[in-house]
Amino acid sequence: MKRDHHHLNPNPDTTTSGKVKLEEQDGGMDELLAVLGYKVRTSDMAQVAQKLEQLEEVMGNVQVDGMSHVATDTVHYNPSDLSTWVESMLSEFNPPTSFDPVLATPPPPSSGMGSSFSTITSVDFNDSQKQQLNTPFFDESSYSDYELKAIPGKAVYSNTLDSSSSSNHNETSSNKRLKPSSGSNSETYPTTSMAPFGISPDPTRPVVLVDSQENGIRLVHALLACAEAVQENNLTVAQALVNQISYLAISQAGAMRKVATHFARALASRIYGCCPEYPLDHSLSDFLQMHFYETCPYLKFAHFTANQAILEAFEGKKRVHVIDFSMNQGMQWPALMQALALRPGGPPTFRLTGIGPPAPDNSDQLQEVGWKLARLAETIHVKFEYRGFVANSLADLDASMLNLRPSEVESVAVNSVFELHKLLARPGAIEKVLSVVKQMNPEIVTVVEQEANHNGPLFLDRFTESLHYYSTLFDSLEGSVNGQDKLMSEMYLGKQIYNVVACEGVDRVERHETLTQWRTRLGSSGFVPAHLGSNAFKQASTLLALFAGGDGYRVEENNGCLMLGWHTRPLIATSAWKLANKTAMTH
Amino acid sequence: MMQFSETPLQPIHQIPLFSSTSSMNKNQINRSRPWPGFPTSKGLGSFGDANCMEQLLVHCANAIESNDATLAQQILWVLNNIAPPDGDSNQRLACAFLRALIVRAAKSGTCNKLLAAMANAHCNLAVDNHKFSVIELASFVDLTPWHRFGFTAANAAILEAVEGYSVIHIVDLSLTHCMQIPTLIEAIANRVEVPPLLKLKLTIAGATEDIPPMLDLSYEELGAKLVNFARSRNIILEFRVLPSSYTDGFASFMEQLRVQHLVYAESGEALVVNCHMMLHYIPEETLSSPIPSADSNTLCPFESSTSSLRTMFLKALRELDPTIVVLVDEDADLTSNNLVCRLRSAFNYLWIPYDTVDTFLPRGSKQRQWYEADICWKIENVIAYEGMQRVERLEPKSRWVQRMRNANFRGLGFGEEAVAEVKGMLDEHAAGWGLKKEEEDHLVLTWKGHNVVFATAWAPA
Chain A
3 MKRDHHHLNP NPDTTTSGKV KLEEQDGGMD ELLAVLGYKV RTSDMAQVAQ
53 KLEQLEEVMG NVQVDGMSHV ATDTVHYNPS DLSTWVESML SEFNPPTSFD
103 PVLATPPPPS SGMGSSFSTI TSVDFNDSQK QQLNTPFFDE SSYSDYELKA
153 IPGKAVYSNT LDSSSSSNHN ETSSNKRLKP SSGSNSETYP TTSMAPFGIS
203 PDPTRPVVLV DSQENGIRLV HALLACAEAV QENNLTVAQA LVNQISYLAI
253 SQAGAMRKVA THFARALASR IYGCCPEYPL DHSLSDFLQM HFYETCPYLK
303 FAHFTANQAI LEAFEGKKRV HVIDFSMNQG MQWPALMQAL ALRPGGPPTF
353 RLTGIGPPAP DNSDQLQEVG WKLARLAETI HVKFEYRGFV ANSLADLDAS
403 MLNLRPSEVE SVAVNSVFEL HKLLARPGAI EKVLSVVKQM NPEIVTVVEQ
453 EANHNGPLFL DRFTESLHYY STLFDSLEGS VNGQDKLMSE MYLGKQIYNV
503 VACEGVDRVE RHETLTQWRT RLGSSGFVPA HLGSNAFKQA STLLALFAGG
553 DGYRVEENNG CLMLGWHTRP LIATSAWKLA NKTAMTH
Chain B
147 MMQFSETPLQ PIHQIPLFSS TSSMNKNQIN RSRPWPGFPT SKGLGSFGDA
197 NCMEQLLVHC ANAIESNDAT LAQQILWVLN NIAPPDGDSN QRLACAFLRA
247 LIVRAAKSGT CNKLLAAMAN AHCNLAVDNH KFSVIELASF VDLTPWHRFG
297 FTAANAAILE AVEGYSVIHI VDLSLTHCMQ IPTLIEAIAN RVEVPPLLKL
347 KLTIAGATED IPPMLDLSYE ELGAKLVNFA RSRNIILEFR VLPSSYTDGF
397 ASFMEQLRVQ HLVYAESGEA LVVNCHMMLH YIPEETLSSP IPSADSNTLC
447 PFESSTSSLR TMFLKALREL DPTIVVLVDE DADLTSNNLV CRLRSAFNYL
497 WIPYDTVDTF LPRGSKQRQW YEADICWKIE NVIAYEGMQR VERLEPKSRW
547 VQRMRNANFR GLGFGEEAVA EVKGMLDEHA AGWGLKKEEE DHLVLTWKGH
597 NVVFATAWAP A
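Those protein sequence lines, which keep their order, are chains A and B.
Under my numbering, think of the first position of the first sequence as 3, with each following residue one higher.
Under my numbering, think of the first position of the second sequence as 147, with each following residue one higher.
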């Protein structure tokens with residue numbers, strides 16, 4: 003109740019200079035929590051992290067794989083019920099007219115919680131109206147998901163909280179102290195000095211203030227504690243926490259709620275062991291990827307920057323051959339073909355080998371994409387040769403299968419967008435593929451990867467990293483105008499979250515690693531970096547600025563590689579590579 | 147115009163998960179496509195040439211106008227790669243249009259962060275228009291027949307029309323800062339017939355500071371130079387600058403001229419109005435009747451729907467009862483309200499200055515940068531601006547001829563002497579330039595057979 007009191011009598015200093023303060027404080031704040039709307043000093047987080055590490059040391063390396071023995075009858079929340087979940091997500095975007103008004107109201111204070119409840123308040127900063135005028139295209143209705151709403155059929159609150167987590171609540175509400183987990187020493191968070199800001203660091207959106215900071219902090223800690231419990235194989239705690247997470251998630255607004263929901267689903271699936279495979283087939287994932295392509299600049303950035311390197315590497319070549327490890331719907335190639343068609347000196351003969359997984363319905367989807375590209379090639383007068391190559395894994399590939407021509411006849415570019423990390427699931431696969439790439443004797447190898455380490459040995463590390471990473475990604479999606487594109491993009495990312503968190507062994511394919519790690523790997527495999535020029539950087543910045551719909555996106559140059567990020571956090575990295583000792587191919 | 151992929155993205159039956167949410171699917175099919183619709187029309191013609199660039203620019207403009215970010219980004223990427231700012235003339239032309247489209251996109255509400263972002267990325271969009279000194283501008287104007295054609299034809303016609311007058315009042319509406327006048331003074335000084343010239347009055351419109359070419363000299367200084375020059379040719383020159391603006395259709399300028407003409411008109415004074423590439427800055431759009439009086443709705447819908455500042459200017463001009471009016475302007479139509487029409491029209495006209503530049507300015511020269519920056523300015527104005535800010539509103543010769551006739555002028559035509567003068571001038575320039583004599587003796591400057599600038603002479607009917 004202290005919180006409410008504080009809110010009714012806001013510090014006048016805070017309300018008038020809030021925006022300035024927000025900016026001032028940005029630097030020292032923990033990014034993850036800032037995304038969630040909390041201003042917590044990074045230095046404090048370091049202490050927390052240290053405690054967590056100590057805890058881990060004490061408890062040792064917990065084997066997390068063998069938890070499928072846990073009984074699954076106690077499911078409060080069925081993560082495999084995707085269609086219900088999708089429908090509930092959809093109803094958020096298109097609320098039916100007969101929407102139950104009861105559901106639209108904030109959940110009543112739970113007596114079972116014995117702690118403060120959430121209220122929601124809109125705060126209009128002085129300039130937010132102006133900003134709205136500047137962006138008239140922005141649909142008011144797209145804000146609707148900021149409102150606190152119960153998700154039908156999901157807001158099942160379990161009273162079976164274990165004692166440690168309820169003591170956690172008491173402690174939080176009484177003296178603003180929070181614990182990173184139920185078992186560790188408590189550390190002080192300077193929550194009392196927090197200004198009541200909205201959750202989004204993007205100033206172009208009206209700030210909606212959710213007075214549920216404690217819930218938000220509890221949510222993050224419940225997520226981390228749950229992950230830790232999973233790592234410790236403490237399934238009773240994990241189950242209790244995962245239920246708490248779903249409850250806490252609905253008290254949150256926007257990106258945080260969605261991200262937490264995805265993580266909760268993945269955790270639940272891992273805990274209950276009921277859902278080994280995300281129930282989406284590849285054609286659906288292609289479909290989702292296209293929405294991801296439309297909604298946000300990440301994939302477009304990947305394509306532009308990779309194409310730039312390829313186009314420059316093909317300069318003056320008469321016959322060129324792109325081997326695409328990430329063919330999908332072939333979205334990367336029309337622009338390159340058009341640019342090749344119009345290049346000075348006339349177009350080269352363009353050969354494309356598109357590699358992709360088999361379609362679930364045995365349709366020849368790669369061939370269909372090829373036909374469409376062939377039609378385009380015809381209209382722009384580019385000689386075009388295409389082959390679709392179905393492979394379960396890139397590791398199944400051999401250079402001899404690709405009918406390569408000698409490099410003096412044909413120049414090869416190898417392109418991989420969000421594919422190489424999947425090879426890390428199978429021992430030796432990446433080494434095999436890189437050696438096959440070397441046999442292809444390419445002019446250039448373009449690699450686009452997620453800039454994150456989701457492949458650490460410890461589950462909790464992977465979880466924490468990915469929570470951070472996807473919170474940022476989801477936050478960047480919040481500015482998206484089209485609700486349905488956004489929803490599909492969230493599902494696209496949700497699928498990755500699920501894989502990082504719920505899967506293990508060969509099933510865990512989203513093994514993102516950082517550019518630094520890829521540099522080491524590619525460097526030791528005989529590749530040298532090919533710098534993406536300043537032209538590519540300028541171009542990427544311009545294209546991004548043109549239509550990114552918000553100024554949160556940043557292009558950065560990092561030792562000849564280009565990174566696209568949201569605010570200060572790089573999220574996607576494009577790098578280009580050449581063979582260290584490029585030799586003429588002998589056949 | 148814009149082509150999306152012919153086949154819908156995914157047949158719905160392949161996605162059973164979503165089959166229940168039919169409203170969503172309908173929307174999806176409209177919005178999604180396997181890849182952004184690239185121009186695939188058969189009309190692209192041969193690749194690598196200006197036609198294809200034009201098509202891409204048109205597609206890009208359409209994408210920007212319809213807020214199709216994905217397609218616009220794709221085409222911008224392609225254009226960026228095929229239209230380097232230091233490429234051949236077509237590439238530089240496309241580059242200038244591309245730049246203008248980016249400026250347009252940046253000005254639209256959706257990407258108001260663009261300019262800041264571009265500044266961060268050190269992409270300079272601003273056109274740097276050079277401020278010429280008088281000497282620079284004179285030699286600059288002499289490089290190409292673009293302006294010289296009009297100067298030569300006009301001077302010849304004026305000289306003929308003012309024969310026998312001892313006082314000549316020249317009203318110079320030109321954006322070339324009186325560069326035409328010294329030659330005219332010289333020609334008048336050299337004429338042999340009597341009576342001798344007593345006085346030359348020159349009135350110019352101070353209206354063109356914001357339109358290139360820009361001069362680093364004030365009108366007063368410019369006037370002093372002209373007066374000195376005239377004195378050296380034994381001619382007394384009175385120089386006046388009347389404040390004016392093309393945005394009001396030179397209304398105040400014409401009013402002052404009318405009053406002064408009435409007050410100071412000396413007997414035997416010839417009034418010469420020289421309009422050199424200036425009138426197209428007068429808004430041509432029909433005025434929406436500003437004073438809806440009680441009877442305006444019913445009684446004069448015709449007048450309110452046909453009068454524009456351009457029409458009103460010509461009406462006022464006719465009322466001055468000038469001895470001769472010379473109208474020289476660029477022969478193109480950039481008045482469409484439709485961006486794509488304007489883009490096509492401008493692209494199919496402004497290739498000419500880029501194509502000709504190789505014949506008179508070396509690559510990388512300062513003057514070439516100035517020259518191309520001024521074309522860039524024009525392209526940006528046509529493409530990126532709307533409303534009152536869009537001032538490059540060229541109309542083709544046929545429309546101007548119609549306007550002049552409607553304002554009760556009759557065509558004077560150019561004599562053999564004028565034609566000979568122009569031909570002599572063209573001989574000093576590259577082979578691609580030509581002279582065409584069209585109906586009623588209008589003269590047209592051509593480049594490789596394409597109309598560039600027209601010159602017409604008029605007297606009150």
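All residues carry an ideal CB built from backbone N, CA and C; glycine is no exception.
Please read these numbers as outputs of a predicted model, since none were measured by experiment.
Nearest-angstrom Cα separation, counted from B/TRP579 out to B/LYS569
10 Å
If the criterion is Cβ atoms closer than 8 Å, does the pair A/GLN233 and A/LEU460 meet it?
yes
Outcome for B/PRO359 when other beta-carbon atoms lying within 10 angstroms are tallied against a minimum of 16:
buried
Out of curiosity, what's the CA-to-CA distance linking A/THR381 and A/GLY256?
45 Å
Can you check whether the CB of B/GLU518 is closer than 8 Å to the CB of B/VAL599?
no
Does any residue of chain A bring its CB to less than 8 Å from the CB of B/ALA207?
no
Relative to chain B, which residues along the region 335-361 of chain A have a C-beta separation below 7 Å, given in chain order?
PRO336, ALA337, GLN340, ALA341, ALA343, LEU344, ARG345, GLY348, PRO349
Below 8 Å between beta carbons: does that hold for B/HIS426 and B/GLU541?
yes
I want to verify the contact list: residues of chain B whose CB lies under 7 Å from the CB of A/GLN498, in sequence order.
What A/GLN498 touches in chain B: nothing, since even the nearest Cβ is about 18 Å away.
Identify every residue that forms a DSSP beta bridge with A/PHE391.
A/ILE357
If you run the structure through DSSP and keep just helix, strand and coil, what is B/LEU445?
Any reading at B/LEU445 must be qualified, since the residue scores a pLDDT of 42, below 50, and its modelled position is unreliable; the value itself is stated next. DSSP places B/LEU445 in coil when its eight states are reduced to three.
Going along chain A, which residues have a C-beta under 8 Å from B/VAL224?
ALA337, GLN340, ALA341, LEU344
Below 8 Å on the Cβ atoms is my guess for B/ALA601 versus B/VAL472; work out the distance and round it to an integer in Å.
7 Å
To the nearest angstrom, report how far apart A/PRO336 and A/LEU378 are at their CA atoms.
7 Å
Counting only the same chain and skipping the five closest in sequence on each side, list residues whose C-beta sits under 8 Å from that of B/LEU244.
LEU203, CYS206, LEU222, LEU225, ASN226, ALA229
Is the region 294-314 of chain A touching the region 474-490 of chain A, taking contact as three or more C-beta pairs under 8 Å?
yes
Within the 8 Å Cβ cut-off, does B/ILE228 reach chain A?
yes
Under a three-way DSSP split, which group does A/GLU558 fall into?
strand
At least one CB of chain B closer than 8 Å to the CB of A/LEU566: is that the case?
no
Would A/PHE306 and A/LEU581 be called neighbours here (beta carbons separated by less than 8 Å)?
no
Closer than 8 Å to chain B by CB, A/LYS302:
yes
Using a threshold of 7 Å, is the CB atom of B/VAL409 nearer than that to any non-hydrogen atom of the ligand FMN?
Absent from the structure shown: the ligand FMN. Ligands present: none.
Between the alpha carbons of A/ALA229 and A/VAL261, how many angstroms are there, rounded?
15 Å
Residue from A/MET333, A/PHE327, A/PHE289, A/LEU225 whose Cα sits closest to the Cα of B/LEU217
A/MET333
If contact is defined by three or more beta carbon pairs under 8 Å, each pair taking one atom from either stretch, is the region 262-277 of chain A in contact with the region 488-502 of chain A?
yes
Can you find a C-beta in chain B that's less than 8 Å from the C-beta of A/THR544?
yes
Can you check the region 256-330 of chain A for any alpha helix (DSSP H) of at least 4 residues that lies completely inside it and give the ranges in chain order?
256-274, 284-297, 299-315
Give me the Cα-Cα distance between A/ARG464 and A/VAL503, rounded to the nearest whole angstrom.
8 Å
DSSP three-state label for B/GLU384, please.
strand
Taking DSSP as the reference, what is the three-state secondary structure of A/PRO531?
strand
Figure out for me which residue from B/ALA564, B/ALA607, B/GLU586, B/LEU485 has the closest Cα to the Cα of B/PHE295.
B/ALA564
Kindly confirm or deny that the region 409-426 of chain A and the region 314-328 of chain A touch, where touching means at least three C-beta pairs closer than 8 Å.
yes
Report the residue from A/PHE289, A/THR516, A/ALA251 whose alpha carbon sits nearest the alpha carbon of A/LEU426.
A/THR516
Three-pair Cβ contact test at 8 Å for the region 234-250 of chain B versus the region 283-295 of chain B
no
Less than 8 Å between the beta carbons of B/ILE470 and B/LEU496, yes or no?
no
Residues of chain A with CB closer than 7 Å to the CB of B/GLN219, please, in chain order.
LYS302, LEU545, LEU548, PHE549
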